[in-house]
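Visitor: In terms of this note's numbering, the sequence shown opens at residue 172 and continues consecutively.
Note that the Cβ used here is the ideal one computed from N, Cα and C, for glycine as well.
A single structure is presented below for examination.
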Amino acid sequence: MQVIAKANNIRVSPEKVRLVVDQIKKMEPARSMVVLKLVHKSSAKPLIKVIGSAIANAKNNFGLDEQSLAFKSILVGIGPMFKRFQPVARGRAHSILKRTSHITVILEGEEKKKTEATKETKKLEEPKEKNGTKS
């Protein structure tokens with residue numbers, strides 16, 4: 172089962188995000204959250220949010236076990252750029268591109284298997300009597 176979480180238009184350059192992603196992509200998602208809290212990079216904070224969202228999606232929407240989760244891929248794409256300019260000599264201007272990024276986290280995991288004991292207990296329950304007279 173695949174679980175996807177996305178964060179778009181993150182105000183950090185994709186090159187800077189990829190530096191942090193390369194450190195954590197081989198880890199388990201739960202362990203990577205702990206490591207990211209100790210990394211002193213601006214891109215760590217949005218990554219914590221996206222990975223946390225993916226783990227929550229896996230638990231709540233698909234009923235997956237957190238221990239069975241693993242990264243299938245972490246994609247960092249180029250978002251829209253803000254164009255600014257820096258005035259320089261002789262009335263000219265140099266352009267500045269403020270870059271943004273799109274982060275996509277794809278997790279893989281195995282579904283929790285339902286035990287057969289719960290099915291047997293349902294069969295053993297006696298049906299309730301209906302209100303009214305017996306014939």
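If you run the structure through DSSP and keep just helix, strand and coil, what is residue 228?
Guide: The sequence position of residue 228 within the sequence shown is 57, counting from 1. Correct three-state label for residue 228: helix.
Visitor: Is it true that the stretch 194-205 meets the stretch 172-182, where meeting means three or more beta-carbon pairs spaced less than 8 Å apart?
Guide: Contact fails: fewer than three Cβ-Cβ distances are below 8 Å.
Visitor: On the three-pair Cβ rule with 8 Å, is the stretch 203-217 touching the stretch 250-262?
Guide: They do not touch, by the three-pair rule.
Visitor: Measuring CB to CB, does residue 210 end up less than 8 Å from residue 245?
Guide: Translated into positions along the sequence shown, residue 210 becomes position 39. Translated into positions along the sequence shown, residue 245 becomes position 74. Contact: no.
Visitor: Hey, out of 258, 243, 241 and 247, whose CA is closest to residue 214's CA?
Guide: For the purposes of this step, residue 214 is identified with residue 43 of the sequence shown, where counting begins at 1. Closest option to residue 214, Cα to Cα, is 247.
Visitor: Where does residue 196 fall in DSSP's three states?
Guide: By 1-based counting over the sequence shown, the position of residue 196 is 25. Coil.
Visitor: In three-state DSSP terms, what is residue 187?
Guide: As a working note, residue 187 is residue 16 in the sequence shown. Residue 187: helix per DSSP, three-state reduction.
Visitor: Please classify residue 242: is it buried, with 16 or more other beta-carbons within 10 angstroms of its beta-carbon, or exposed?
Guide: Here the question's residue 242 lines up with position 71 in the sequence shown. With 16 or more other Cβ atoms within 10 Å, it is buried.
Visitor: Would you mind stating whether residue 234 and residue 281 have Cβ atoms separated by less than 8 Å?
Guide: Taking the first residue of the sequence shown as position 1, residue 234 is located at position 63. Taking the first residue of the sequence shown as position 1, residue 281 is located at position 110. No. Outside cutoff.
Visitor: Mind checking which residues open and close the beta strand (DSSP E) that includes residue 235?
Guide: The residue labelled residue 235 in the question sits at position 64 within the sequence shown. It is not in any beta strand (DSSP E) - residue 235 carries neither H nor E in the DSSP assignment.
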